[in-house]
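Residue numbers (our numbering): 10 to 287.
Contents: one structure, followed by commentary.
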């Protein structure tokens, strides 16, 4: 591949299998030869399983694998590369086109919450999984500025409106056929404790136990519990002959990045920039 600033890569992905080695090498090559922004468009070989309710977990795992490969390769090269993974089977569909997938047992209205500061791949996986779990509306709670006063490196936090805009723009890349509702969160419960229309809550494994408290509060308010849908950021090594190939396994350590770590890196960069030359 010739080096370019922006690149689109198209891959066909089988939900039932880990990424083939050919896809991994192609993606790594694309990262090595892209300077600023890489968009990976994926077409699903067995998209019908989403309608049957069996493919959501597999789909978010394949998306996590793609992000892990791309981010891991970028980290090796010490490149600050923007990477987006876009499922083609959903991103450009109208509501009428989505009708065959409207009856899958996820949630007509799904909810997600977070700080979404310096939007990174962990956020993108969470938001993608939420958008693909919904059939009508996504409710996204974003931590209000006042709720973040005790965060580390708070002076480098993005303002609420910046975080809100970045979240909206990314969700619109994933799905254009659903309503996106963004709202500031000023307490740990947000709208989930009072909005009866929310049917599913997409969470990370780390926040799963805490999310169960949200259902307790809903029951106290006379509301039905939400279906908790944890995403899996643990990327399994490839199996079979691929596992015997050097560097064939997918390293999930690149998925462990956090907004705090990004702000810490920015603070260190600022500190280095303020030092006098020697």
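Think of the CB as a built atom: it goes at the ideal place given N, C-alpha and C, for glycine as much as any other residue.
Applying the criterion that 16 or more other CB atoms from any shown protein chain within 10 Å of the CB defines a buried residue, is residue i buried or exposed?
i           : result
residue 243 : Per-residue confidence for residue 243 stands at a pLDDT of 48, beneath the threshold of 50, marking its modelled position as unreliable; the derived number appears in the next sentence. Exposed, since its Cβ has fewer than 16 Cβ neighbours within 10 Å.
residue 14  : exposed
residue 67  : buried
residue 31  : exposed
residue 206 : exposed
residue 248 : Caution is warranted here: a pLDDT of 38 is assigned to residue 248, below 50, making its placement in the model unreliable, and no coordinate value can be reported.
residue 11  : exposed
residue 246 : Because residue 246 sits at a pLDDT of 42, beneath the cut-off of 50, its placement in the model cannot be relied upon, and the point is left open.
residue 132 : buried
residue 5   : Outside the modelled stretch of the chain, which goes from 10 to 287, sits residue 5, for which no answer is possible.
residue 126 : buried
residue 281 : exposed
residue 91  : exposed
residue 74  : buried
residue 208 : buried
residue 64  : buried
Taking 7 Å as the CB-CB cut-off, is residue i touching chain D?
i           : result
residue 187 : Given the protein chain composition of this structure (a single chain), no chain D is represented.
Short of 6 Å in beta carbon distance, which residues of its chain neighbour residue i, apart from the five on each side in sequence? Order them along the chain.
i           : result
residue 152 : 124 and 194
residue 19  : 50
residue 188 : 146
residue 128 : 175
residue 215 : none
residue 272 : 162 and 165
residue 40  : 79, 82 and 83
What does the alpha-carbon distance come out to for the pair residue i and residue j?
i           : j           : result
residue 222 : residue 45  : 41 Å
residue 240 : residue 226 : 22 Å
residue 22  : residue 79  : 15 Å
residue 276 : residue 217 : 31 Å
residue 232 : residue 122 : 19 Å
residue 270 : residue 230 : 37 Å
residue 158 : residue 274 : 19 Å
residue 16  : residue 130 : 18 Å
residue 155 : residue 278 : 26 Å
residue 210 : residue 120 : 5 Å
residue 201 : residue 212 : 13 Å
residue 47  : residue 140 : 21 Å
residue 76  : residue 33  : 11 Å
residue 186 : residue 142 : 13 Å
Going by beta carbon distance, what residues of the same chain come within less than 7 Å of residue i, once the five residues before and after it are set aside?
i           : result
residue 234 : 224, 227 and 228
residue 70  : 241
residue 191 : 149, 151, 173, 176 and 177
Beta-carbon within less than 8 Å of residue i's beta-carbon, same chain only, minus the 5 sequence neighbours each way: which residues are those?
i          : result
residue 72 : 51, 94, 96, 134, 137 and 138
residue 54 : 21, 22, 23 and 24
Can at least three beta-carbon pairs, one atom from the stretch 197–206 and one from the stretch 160–172, be found at a separation below 8 Å?
no
State whether the stretch 146–165 contacts the stretch 78–88, with contact taken as three or more CB pairs (one from each stretch) at a distance under 8 Å.
no
At which residue ranges does the stretch 16–84 contain complete beta strand (DSSP E) runs of 3 or more residues, listed in the order of the chain?
43–53
In chain order, which continuous runs of the alpha helix (DSSP H) of length 4 or greater are located wholly inside the stretch 161–227?
Listed in chain order, the complete alpha helix (DSSP H) runs (minimum 4 residues) inside the stretch 161–227 are 169–183.
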